[in-house]
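Worksheet: the structure to be examined is printed underneath.
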Amino acid sequence: MLMVRVIRKRLSDPKTQAHIMDFIVGRCNKLANQSLTAECINAAEDILPVIFEELPKVLDPRKICKKAGMCALPLLVEGSVDSGGGEDSKLPLLLQLPSEKN
């Protein structure tokens with residue numbers, strides 16, 4: 021689940037989006053035909069922003085862990101719990117997701 025959250029966060033980062041766009045445009049520029057290059061770049065500029073906006077919405081951590089069969093595993097989640105010893109004694113939070121019985 022944490023991995024899905026990290027992916028969602030990264031895809032929402034404008035720097036990551038720019039890096040992906042630059043990578044795709046770089047590949048478009050390697051096409052031999054200039055007309056195809058322009059079409060490829062236009063498609064990337066039209067489609068990638070939609071992907072960046074929509075993909076995080078469909079990356080549901082619970083659905084993905086269920087599909088991967090990992091929901092019954094303890095998962096590290098963002099955050100921490102103070103074990104009583106101050107700032108240096110913060111422990112990572114673990115989340116035990118209920119496994120579904122079929």
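Its first residue numbered 21, the sequence shown is counted upward by one per residue in the numbering used here.
Each residue gets a CB set at the ideal place from its N, CA and C atoms; glycine is no exception.
Treat the numbers as computed from the prediction; the structure is a model and nothing was measured.
request  = Run the CB neighbour count on Ala64, radius 10 Å, all protein chains shown included, and call it buried at 16 or more, exposed below.
outcome  = buried
message = Can you give me the C-alpha to C-alpha distance between Lys83 and Gly46, rounded to a whole angstrom?
response = 34 Å
message = Residues in the same chain with beta-carbon distance under 6 Å from Gln37, minus the five sequence neighbours each way, listed in chain order, please.
response = Phe72
message = I'd like the span of the alpha helix (DSSP H) that includes Asp42, first residue to last.
response = Pro34 to Asn49
key: Cα-Cα separation, Lys50 to Lys35   = 23 Å
inquiry  = Looking at the secondary structure, which residues open and close the alpha helix (DSSP H) in which Cys91 lies?
reply    = Per DSSP, Cys91 belongs to no alpha helix (DSSP H) and is neither H nor E.
request  = Kindly indicate which residue of Gln54, Lys77, Ala58 and Lys87 has the alpha-carbon position closest to the one of Arg28.
outcome  = Lys77
task = Within its chain, find whatever has a CB closer than 7 Å to the CB of Cys60; leave out the 5 residues flanking it on each side and keep chain order.
result = Cys48 and Leu51
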